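What follows is a short report on a single structure.
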Amino acid sequence: MNKAVILGTGSCLPKRAFTNVDLEQIVDTTDEWITSRTGIRNRHIAGENELNFQLASTAAKRALASAGVNPSELDLIIVATISPHMIMPSTACFVQAELGAVNAFAYDINAACAGFTYGLDMASNYIQNRPDMKILLIGAETLSARVNWEDRNTCVIFGDGAGAVVIGGSDDGRGIFGASMHADGRLWELLYMDSPKSLNPDLQQANWQGSFIQMNGRDIFKHAVRLMEEAVTTLMKKHSVTIDDVSLLIPHQANIRILNNLKDRLKIPDEKVFINLSKYGNTSAASIPIALDEANKQGRLVPGEIVLLCTFGGGLTWGSLLMRW
Ligand code: UT7
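If you want my numbering, it's the position in the sequence shown, counting the first as 1, plus 222.
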């Protein structure tokens with residue numbers, strides 16, 4: 223049976239690095255607090271000519287080159303993002319134009335930090351129906367434009383960047399063989415970002431607080447650990463996979479304490495967990511594809527071996543996915 227395989231990976235980080243020491247200059251925090259509570263030491267911040275779609279397009283060009291696929295061969299472009307530079311058209315349409323991918327239809331998805339993994343599940347379903355499709359899936363964020371730089375609870379965590387993969391069909395036993403995606407909209411207030419204020423007086427919200435990210439960090443932390451563990455454990459059981467069978471776990475890069483907790487609960491050794499959080503912070507939908515690209519370049523993704531992804535974000539949204547690389 224045909225399954226969706228990743229044919230190539232790419233990523234793009236903005237040029238400007240912004241360290242914890244830089245943050246000490248603008249908000250009441252310390253390098254020591256950020257490092258010990260989050261594991262983050264640095265993040266990248268988008269500047270001129272680094273709009274969301276521009277980072278996404280550069281990551282996409284690198285993924286296409288690594289896959290040996292021409293933009294004209296693409297049938298579909300999906301961008302997972304919660305920080306587009308415009309609401310309409312979609313970031314995916316800007317990427318399509320930038321690449322000259324004239325044969326692709328294109329749209330964005332919003333599932334916060336879980337967006338890329340949701341997108342992989344969607345791509346996998348497309349491929350099962352049409353194995354000849356070539357799909358470009360990107361996770362791209364410029365959250366630096368969406369955080370309140372006076373709110374130390376959020377501005378120290380997030381970073382900008384983009385990661386991309388090219389997906390095609392294969393019948394050689396490799397590919398995505400399991401996914402479990404979840405949401406619980408009842409808990410939306412734990413992590414949200416309001417819409418821009420309407421200019422229509424009839425639609426203006428009375429208590430509008432601004433369209434910055436608002437987060438209840440402690441509650442998000444607790445839910446993230448429990449729900450990711452549940453999703454991973456249930457998925458592995460369903461597909462008769464044990465943690466010993468997994469060669470690499472690539473989790474959403476949110477907080478080192480969340481990841482350490484998850485590692486302990488899953489009883490997975492350190493060397494089987496890919497972590498690059500200290501360099502980039504939490505890049506939301508971009509975090510897993512950036513990590514995938516780095517793992518690929520480091521030769522840590524071995525054909526035929528099992529890779530496990532898990533993710534968690536605002537919505538709430540979360541999920542887990544299994545593939546044979
Ligand atoms: O992608 C998914 C989205 N988000 C997440 O995964 C985030 C999950 N949550 C977290 O990562 C953590 O909850 C945070 C890193 C956001 C916060 O860490 P915490 O250990 O949960 O801290 P806290 O919110 O319980 O705050 C402890 C103290 C507070 O001071 P008091 O009330 O004890 O005096 C905060 O005001 O730390 C203070 N604090 C800070 N101090 C220095 C909060 N942020 C900072 C800061 N620098 N940046």
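Yeah, the Cβ is synthetic: ideal placement off N, Cα and C, and Gly gets one too.
If you're wondering where the values come from, they're calculated on a predicted model, not measured in any experiment.
Straight-line gap, residue 406 to residue 445 (C-alpha atoms, nearest Å): Along the sequence shown, read from residue 1 onward, the residue named residue 406 stands at position 184. Along the sequence shown, read from residue 1 onward, the residue named residue 445 stands at position 223. Each residue's alpha carbon lies about 11 Å from the other.
Stretch pair the region 321 to 335 + the region 294 to 301: three plus CB contacts closer than 8 Å: With the cut-off at 8 Å, the region 321 to 335 and the region 294 to 301 touch.
Short Cβ contact (9 Å threshold) for residue 379 with residue 260: The residue you call residue 379 lines up with position 157 of the sequence shown. The residue you call residue 260 lines up with position 38 of the sequence shown. Contact flag set, yes.
Distance between residue 450 and residue 518 (C-alpha atoms, nearest Å): Your numbering for residue 518 matches position 296 in the sequence shown. Your numbering for residue 450 matches position 228 in the sequence shown. Cα atoms of residue 518 and residue 450: separation of roughly 23 Å, rounded to the nearest angstrom.
Residue interval of the beta strand (DSSP E) (run including residue 393): Residue mapping note: residue 393 aligns to position 171 of the sequence shown, counting from 1. Looking at the DSSP string, residue 393 is not in any beta strand (DSSP E), and its letter there is neither H nor E.
Residue 306 versus residue 435 - alpha carbon distance: In the sequence shown, the residue the question calls residue 306 occupies position 84. In the sequence shown, the residue the question calls residue 435 occupies position 213. CA-to-CA, the gap between residue 306 and residue 435 works out to about 14 Å.
Residue 225 - partner residues in DSSP beta bridges: For the purposes of this step, residue 225 is identified with residue 3 of the sequence shown, where counting begins at 1. Answer is 392.
For residue 436: DSSP bridge partner residues: In the sequence shown, counting from the first residue as 1, residue 436 sits at position 214. DSSP output for residue 436 lists 414 as bridge partner(s).
Residue 464 - DSSP class collapsed to helix/strand/coil: What you label residue 464 is simply residue 242 of the sequence shown in a count that begins at 1. Assigned with DSSP and collapsed to three states, residue 464 falls in coil, not helix or strand.
Residue 464 burial status per 10 Å Cβ neighbour count (16 or more: buried): Within the sequence shown, residue 464 is the residue found at index 242, counting from 1. Using a 10 angstroms sphere on the CB of residue 464, the tally of other CB atoms stays under 16, which defines it as exposed.
Cβ-heavy atom distance, residue 374 to the ligand UT7, below 8 Å: Translated into positions along the sequence shown, residue 374 becomes position 152. Answer for residue 374: yes, Cβ within range of the ligand UT7.
Strand pairing of residue 533, partner residues [DSSP]: For the purposes of this step, residue 533 is taken as the residue at position 311 of the sequence shown. In the DSSP output, where bridge partners are listed per residue, residue 533 has 541.
Any non-hydrogen atom of the ligand UT7 within 8 Å of residue 410 CB: As a first step, residue 410 must be located in the sequence shown, where it is residue number 188. Residue 410 Cβ: outside cutoff for every heavy atom of the ligand UT7.
Bounding residues of the alpha helix (DSSP H) (the contiguous stretch that carries residue 480): The residue given as residue 480 occupies position 258 in the sequence shown. For residue 480, the enclosing alpha helix (DSSP H) starts and ends at 478 to 488.
Close-in-space but distant-in-sequence residues of the same chain around residue 513 (CB under 6 Å, 5 per side omitted): On the sequence shown, position 291 is the one that residue 513 refers to. Excluding residues up to 5 positions away in sequence, 472, 496, 498 lie with their Cβ nearer than 6 Å to the Cβ of residue 513 in the same chain.
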